Amino acid sequence: MAGYQAKKILVANRGEIAIRILTAATELGFETVAVFSDPQDTSHCDAAHISIRIRSAASFLDPKEIIEAAKSVNAYAIHPGYGFLSESAEFANQCQSQGILFIGPSPGCIKAVGDKISARQVAIAAHVPVIPGTEHSLSTPAEVYTFAERVGYPVMLKARDGGGGRGIRMCLGREDVEDALKRCINESPSKQVFSEKAIQGAKHIEVQVMGDRHGNVIHLFERDCSAQRRYQKVLEVAPCPSLNKDLAKEIHAAAIRICRHIKYDSVGTVEFLVHPDSNSFYFLEVNPRIQVEHTISEQITHVDIVQTQIKIALGQSLVQMGLNQDTIQPSRLVAIQARVVAENPMHNNMLSVGKITDLRFPTGHGIRVDTWVKSGATVIPTFDSLLAKVIVTGQSFDDALSKLDNALKNTVITGVNTNIDFLRALLSDADFFENSMS
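Residue numbers (full-length UniProt numbering): 1 to 438.
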């Protein structure tokens with residue numbers, strides 16, 4: 001993009017997503033800036049023009065320090081990636097007040113859906129079905145008992161500001177409530193927890209959305225993220241092969257209504273729990289940021305979601321980019337992403353740390369690998385365990401499954417333990433093979 005060569009974008013993240021954003025921004029003609037806190041965690045810096053050391057890992061969560069780093073190199077914009085400050089309305093506001101472009105939704109959008117209870121209220125206002133739940137925070141077991149008596153067990157306890165599998169517990173009965181509530185409160189930054197009826201046997205379906213600052217909103221179809229462990233996604237599929245077309249259209253329309261209601265102006269996802277057999281679905285939450293699994297939506301639509309996010313922040317309309325709902329045609333392709341993480345199966349799947357001694361990723365038609373690791377890199381205990389995302393694209397679900405299994409078989413990572421064997425076992429599971437795992 002002519003005219004941006006003199007402008008700098010700072011990426012306030014690390015790992016594979018930092019590399020993905022730095023590469024996208026470079027391709028658009030920006031000068032790019034990476035930040036790092038540990039000399040052993042600088043792989044992503046190789047993708048940037050400039051690198052800045054910040055004080056510590058905690059600095060990734062410090063708006064003031066990130067903004068100071070951006071100002072020190074006269075950065076035009078900050079991209080937060082996912083996690084860290086990506087869903088902080090306060091950070092977005094501070095960027096604006098300092099004259100720095102925040103590449104993400106407006107602070108108002110983030111605030112509207114960043115809290116799970118306020119997000120439920122947005123869904124209700126947009127005439128989207130929600131799971132029966134409390135409309136206020138709960139602080140005592142007695143309050144949970146009262147709610148559960150009304151809707152019946154099992155119930156879910158959720159941190160209002162939780163994410164990444166933290167701050168969420170299922171209570172099968174009264175005896176689970178006290179401990180689950182205590183754990184959720186401890187894992188919640190705000191110490192606020194609410195409850196919903198547990199919807200069992202449902203699929204976890206999310207819709208990739210894009211809104212601009214001119215009132216346009218589109219979707220890039222859905223992803224099936226039902227394959228989870230401890231409420232964390234391990235495999236994702238786009239589109240969902242078992243979802244009938246009419247129900248899919250209803251879910252897409254519901255996601256668009258929510259986005260229009262809050263004038264959503266970036267890329268993001270709207271998540272639902274879906275019962276395909278009964279054709280019912282319920283709003284779950286909005287993620288006002290780029291997501292780990294944006295890759296598979298890119299594969300089936302050929303839309304660069306990260307570059308689109310940057311262009312939206314710059315004020316371009318989706319129409320200017322040639323994007324409208326009519327141009328995003330349903331794809332016959334199916335893409336699956338496997339999250340390869342460093343974990344030790346012999347020690348309750350705890351983070352496995354150490355130096356990568358050998359590394360080989362698969363190549364070939366329909367295979368994409370987004371990663372930060374290289375031979376000699378060190379996995380440190382400070383950050384999350386994600387090593388790589390192995391993404392395959394096939395002509396059908398079965399074709400993609402076969403490709404992914406072969407790709408994982410040809411993925412070699414030594415020096416740390418990984419979940420590759422677990423992923424391959426999951427692919428051979430009959431329930432997943434029938435695409436009915438939840």
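By construction, the Cβ of each residue, glycine as well, lies at the ideal position given by its N, Cα and C atoms. Everything numeric in this text was worked out from a predicted model, so none of it was measured.
Report yes or no: is there a C-beta of chain D within less than 8 Å of the C-beta of I19? Any reference to chain D falls outside this structure, which holds one protein chain only.
Thinking C-beta only, is A425 closer than 8 Å to I379? The sequence shown places Val at residue 379, not Ile. Result no, Cβ atoms of V379 and A425 do not sit closer than 8 Å.
Determine whether the beta carbon atoms of A34 and C45 lie at a separation below 8 Å. yes
Per DSSP, what are the beta-bridge partners of R339 in this structure? Beta-bridge analysis with DSSP links R339 to K389.
Following the continuous beta strand (DSSP E) through I52, name the residue where it begins and the one where it ends. I50 to R53
Residues that M321 bridges to, as DSSP identifies them: In DSSP, M321 forms no bridge with anything.
Of the choices V128, F194, H127 and D176, whose alpha-carbon is the least far from that of A159? F194
Kindly list the residues whose CB is nearer than 7 Å to the CB of L284, restricted to its own chain and excluding five residues on each side of it in sequence; keep chain order. Non-local C-beta neighbours of L284 in its own chain, meaning closer than 7 Å and more than five positions away in sequence, comprise E271, F272 and L273, ordered along the chain.
Contact under 8 Å by Cβ, L235 with I131: no
Does G167 come out as helix, strand or coil in the three-state DSSP assignment? coil
Which residues share a DSSP beta bridge with S195? L157
Going along the chain, which residues of its own chain have a beta-carbon closer than 8 Å to the beta-carbon of C109, five neighbours each way excluded? I262, K263, Y264, D265, S266 and P288
Taking the continuous beta strand (DSSP E) assigned at C225, which residues delimit it? For C225, the enclosing beta strand (DSSP E) stretches over residues V217 to R229.
Along the alpha helix (DSSP H) that carries L423, what are the first and last residues, could you check? I420 to S428
Where I9 falls: helix, strand or coil (DSSP): strand
For I305, I'd like the list of residues in its chain whose CB is within less than 6 Å of its CB, leaving aside the five on either flank, ordered along the chain. V267, H294 and E298
Note the first and the last residue of the continuous alpha helix (DSSP H) segment covering Q316. Looking at the DSSP string, Q316 is not in any alpha helix (DSSP H), and its letter there is neither H nor E.
Please classify E65: does DSSP put it in a helix, a strand, or coil? helix
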